[in-house]
Amino acid sequence: MATFVDSPGRLCVSVRDYYCYKFQMRPGIFNPILYGKSLFQQFVVDTYIKIESSRLDYIRNHQDDIRADLYQGLVDSLHAGEDRAEAVGKRTVMPSSFIGGPRDMRRRYMDAMALVRRFGKPDIFLTMTCNPN
Amino acid sequence: MTFVPIVPDQYEKVYSNMPTDTHMLKPVANCEHCNAKRFEHEPRGFCCRSGKVELNEANVPDELMRLWSSNDADAKHFRDSIRFFNGHFSFTSLYCRLDSTTASWKNSGIYTFRAHGQIYHNIRSFGREDGKEPRHLELYFYDDDASLEHRFRRCREEKCQKDKEVIERLVAILRDNPYSQHLRSVGQTDHLEDYRVTLNLDQRLDQRTYNVPSISEVAAIWIEGSELLGQFQNSVVLHGKDRSRHGIRSYHGCYDALSYPLFFPKGELGWHMDIPKKGVSMEEVVEYRALQKARSGSEEETGLLFFLFINTSYTCTSMFIVQTTLIHGYFCRLPWQIMCVCA
Numbered sequence: 000m001a002t003f004v005d006s007p008g009r010l011c012v013s014v015r016d017y018y019c020y021k022f023q024m025r026p027g028i029f030n031p032i033l034y035g036k037s038l039f040q041q042f043v044v045d046t047y048i049k050i051e052s053s054r055l056d057y058i059r060n061h062q063d064d065i066r067a068d069l070y071q072g073l074v075d076s077l078h079a080g081e082d083r084a085e086a087v088g089k090r091t092v093m094p095s096s097f098i099g100g101p102r103d104m105r106r107r108y109m110d111a112m113a114l115v116r117r118f119g120k121p122d123i124f125l126t127m128t129c130n131p132n
Numbered sequence: 000m001t002f003v004p005i006v007p008d009q010y011e012k013v014y015s016n017m018p019t020d021t022h023m024l025k026p027v028a029n030c031e032h033c034n035a036k037r038f039e040h041e042p043r044g045f046c047c048r049s050g051k052v053e054l055n056e057a058n059v060p061d062e063l064m065r066l067w068s069s070n071d072a073d074a075k076h077f078r079d080s081i082r083f084f085n086g087h088f089s090f091t092s093l094y095c096r097l098d099s100t101t102a103s104w105k106n107s108g109i110y111t112f113r114a115h116g117q118i119y120h121n122i123r124s125f126g127r128e129d130g131k132e133p134r135h136l137e138l139y140f141y142d143d144d145a146s147l148e149h150r151f152r153r154c155r156e157e158k159c160q161k162d163k164e165v166i167e168r169l170v171a172i173l174r175d176n177p178y179s180q181h182l183r184s185v186g187q188t189d190h191l192e193d194y195r196v197t198l199n200l201d202q203r204l205d206q207r208t209y210n211v212p213s214i215s216e217v218a219a220i221w222i223e224g225s226e227l228l229g230q231f232q233n234s235v236v237l238h239g240k241d242r243s244r245h246g247i248r249s250y251h252g253c254y255d256a257l258s259y260p261l262f263f264p265k266g267e268l269g270w271h272m273d274i275p276k277k278g279v280s281m282e283e284v285v286e287y288r289a290l291q292k293a294r295s296g297s298e299e300e301t302g303l304l305f306f307l308f309i310n311t312s313y314t315c316t317s318m319f320i321v322q323t324t325l326i327h328g329y330f331c332r333l334p335w336q337i338m339c340v341c342a
């Protein structure tokens, strides 16, 4: 039995895949979610929260696998003069692949700065929003 | 006569390069596995992981389908005020710590819905409180009453007549909802404070075929003092004597059904952990979970709280996570400063 090779990823549908499937348009099939107008938007945001919390849960429960001990959070806080044991806490390290994590943001910032160095400053900084009404 | 000075236009370079035709995406064939409509440049496994994911289609009641898709006056009103109606009929309500500095037009340019910490869907016990009108799930208690007075009281004044019309139709549609059926049976009793409603959080239906949870699967009702029936492994208990709050977590299958009854009128399940992929049998999943449980000793209780600062822009549904805190039994330092843009 090769059950040890199994993982939830091989057997089960992930949150992202599940909702990607649900939000598709398929000819001949009535999907009420896509008719929801602003409720659809609310549902999408809610779903993203769901996806993100499942990612965060994974990262927190797999700290050993992503070798978070190398980041030495405990040592750092002791160096910073923290001597109360209850205030040291447990540090959770996010991988740079977590969208929105500090290391992801830093990576994006570095990319942007590299572009500026290569091509010069941008001419236009454009932000677009739309009127919800 | 007007004098036009001949000065070279400094923006000439920009305007001379204006494209003459609109750029359009080329039509692409539908997905060969799940028949989803695809756009040009969309990655191959985007809709169904190249056939690995297969789920059932929603089975919408005819009357609700009319409200969603037709051009009748009441259907239009239903769709225009869809968030009002969903809030009216949802069993849970949203809880979060709002950032008051951005959630107003006065202080900040654009209204920004920014929450501190995690956003929760909470469900309340139904104990009576003086001076409070029934809300959310308590409204379902009295749906057998033909006058629907309890619901009409919550209509918006300016659109009262239209609201009433739609609410009447929705009550009729949601009569088949398994949660509604339970709650209506509670509503006919005199001693509400003696009653308990247990909601099953641990539903694991296979969603590759059309499956609707049966009435006995979603919830159970019993009277205080009688023996507690432990038929659900993981459940919340709602009391008739207090107004305690219970969180519905994102990994519970009933999350979508309780929050968006208009999308899932028959209590259809949303995502849960044990939905097998195509070609995987339910037994394999059960076997794997049992093995996992045996290996880790006991199932890990996810009692930790993640505090996210979620910044949901009302207009373009983007989120910024600013700061994450982790509480682990005892309070600990704010470990990270995070900024995130995900459109």
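Keeping their order, the protein sequence lines are chains H and R. Going by numbering that gives the first Met the number 0, the first sequence opens with residue 0, and the numbers climb by one from there. Going by numbering that gives the first Met the number 0, the second sequence opens with residue 0, and the numbers climb by one from there. Note that the Cβ used here is the ideal one computed from N, Cα and C, for glycine as well.
- Message: For a cutoff of 8 Å on Cβ pairs, would you count H:K120 as touching chain R?
- Response: Start at 1 with the first residue of the first sequence, and residue 120 of chain H comes out as number 121. For H:K120, the answer is no, since every Cβ of chain R falls outside 8 Å of its Cβ.
Requested in this report: State the DSSP-derived secondary structure class of R:K25, mapped to helix, strand or coil.
Outcome: As a position in the second sequence, residue 25 of chain R is number 26, starting the count at 1. In this structure, R:K25 counts as coil in the three-state DSSP scheme.
- Message: Please classify R:N176 as buried or exposed, where buried requires at least 16 other C-beta atoms within 10 Å of its C-beta.
- Response: The sequence position of residue 176 of chain R within the second sequence is 177, counting from 1. By the neighbour-count rule (16 or more Cβ atoms within 10 Å), R:N176 is buried.
Requested in this report: Could you spell out where the alpha helix (DSSP H) holding R:L97 opens and where it closes?
Outcome: Within the second sequence, the letter at position 98 stands for residue 97 of chain R. For R:L97, no alpha helix (DSSP H) encloses it; the enclosing beta strand (DSSP E) starts and ends at 92–97.
Interface flag, R:S249 vs chain H, CB-CB below 8 Å:
Walking along the second sequence from the start, residue 249 of chain R turns up at place 250. Interface residue, yes.
Does the segment 152–172 of chain R touch the segment 185–202 of chain R, meaning 3 or more C-beta pairs lie closer than 8 Å?
They do not touch, by the three-pair rule.
Practice problem: Under 8 Å by Cβ, that's how I've got H:C11 and R:P275 pegged, so tell me the actual separation to the nearest angstrom. | Solution: Here residue 11 of chain H refers to the residue found at position 12 when the first sequence is read from its first residue. Here residue 275 of chain R refers to the residue found at position 276 when the second sequence is read from its first residue. Confirmed, Cβ separation roughly 6 Å.
Using beta-carbon positions only, say whether H:Y57 and R:S68 come within less than 8 Å of one another.
The residue labelled residue 57 of chain H in the question sits at position 58 within the first sequence. The residue labelled residue 68 of chain R in the question sits at position 69 within the second sequence. Contact annotation: H:Y57 and R:S68 have beta-carbon atoms that are not nearer than 8 Å.
Practice item. Check the DSSP bridge columns for H:Y20 and list the partner residues they point to. Key: Working through the first sequence from its first residue, we reach residue 20 of chain H at position 21. Looking at the DSSP assignment, H:Y20 forms no beta bridge with any residue, so it has no partner.
Legend entry - Neighbouring residues, chain R, relative to H:P26 (Cβ below 8 Å): The residue given as residue 26 of chain H occupies position 27 in the first sequence. Within 8 Å Cβ-Cβ: N29, N34, K36.
Could you tell me whether any Cβ in chain H is nearer than 8 Å to the Cβ of R:M272?
To locate residue 272 of chain R, count along the second sequence from 1; it is residue 273. It does; some Cβ of chain H falls within 8 Å.
- Item | Length of the line joining the Cα atoms of R:D348 and R:E164 | No answer is possible for residue 348 of chain R: it lies beyond the span of chain R, which begins at 0 and ends at 342.
Helix, strand or coil for H:Y108? Go by DSSP, reduced to three states.
As a first step, residue 108 of chain H must be located in the first sequence, where it is residue number 109. DSSP places H:Y108 in the helix class (H, G or I) of the three-state scheme.
CA-CA distance, R:Y313 and R:A114? For the purposes of this step, residue 313 of chain R is identified with residue 314 of the second sequence, where counting begins at 1. For the purposes of this step, residue 114 of chain R is identified with residue 115 of the second sequence, where counting begins at 1. Because the pLDDT of R:Y313 is 29, which lies under 50, any placement of that residue in the model is unreliable, and the number read from its coordinates should be weighed accordingly. Whole-angstrom Cα-Cα distance: 12 Å.
- Message: If I follow the unbroken beta strand (DSSP E) through R:N199, where does it start and stop?
- Response: For the purposes of this step, residue 199 of chain R is taken as residue 200 along the second sequence, with counting starting at 1. Segment 194–199, the beta strand (DSSP E) holding R:N199.
Which residues bound the beta strand (DSSP E) around R:E119? As a working note, residue 119 of chain R is residue 120 in the second sequence. According to the sequence as given, residue 119 of chain R is Tyr; it is not Glu. Per DSSP, R:Y119 belongs to the beta strand (DSSP E) from 111–123.
Exercise. Take R:G302 and list the residues in its own chain whose beta-carbon comes closer than 6 Å to its own, dropping the five residues that flank it on each side.
Key: Sequence index remark: in the second sequence, residue 302 of chain R carries index 303 (1-based). Unreliable placement is indicated for R:G302, whose pLDDT of 32 sits below 50; the coordinate value is still reported in the next sentence. Cβ neighbours of R:G302 beyond the five flanking positions: none.
| query | With DSSP run on the structure shown, which of helix, strand or coil describes R:G130? | reply | Counted from its first residue, the second sequence places residue 130 of chain R at position 131. In the three-state DSSP reduction, R:G130 falls in the coil class, being neither helix nor strand.
Item checked: Simplified DSSP state of R:T301, which is helix, strand or coil -> Taking the second sequence and counting its residues from 1, the one referred to as residue 301 of chain R is at position 302. For R:T301, the predicted model reports a pLDDT of 35, less than 50, meaning its position is unreliable; a value from the coordinates is still stated below. Judged by DSSP in its simplified three-state form, R:T301 adopts coil rather than helix or strand.
>> Give me, in chain order, the residues of the same chain whose beta-carbon lies closer than 6 Å to that of H:M127; leave out the 5 immediate sequence neighbours on both sides.
In response: Indexing the first sequence from 1 puts residue 127 of chain H at position 128. Hits under 6 Å: none found.
Q) Looking at C-beta atoms only, is the number of pairs between the segment 129–144 of chain R and the segment 52–60 of chain R that lie closer than 8 Å three or more? A) No, because fewer than three Cβ pairs between the segment 129–144 of chain R and the segment 52–60 of chain R fall closer than 8 Å, the two stretches do not touch.
Sort out for me which residues DSSP pairs R:A218 with in a bridge. Counting from one through the second sequence, the residue named residue 218 of chain R turns up at place 219. Bridge partners of R:A218: R:L198.
Exercise. Which one or two residues does DSSP pair with H:C11 in a beta bridge?
Worked result: Numbered from 1 along the first sequence, position 12 holds the residue referred to as residue 11 of chain H. Answer is R:P275, bridged to H:C11.
**Study point:** Interface flag, R:M17 vs chain H, CB-CB below 8 Å
**Key:** The residue you call residue 17 of chain R lines up with position 18 of the second sequence. Chain H has no Cβ within less than 8 Å of the Cβ of R:M17.
| message | My output table needs one value for H:H61: the three-state DSSP class, helix, strand or coil. | response | By one-based count along the first sequence, residue 61 of chain H stands at place 62. Reduced to three states, the DSSP call for H:H61 is coil.
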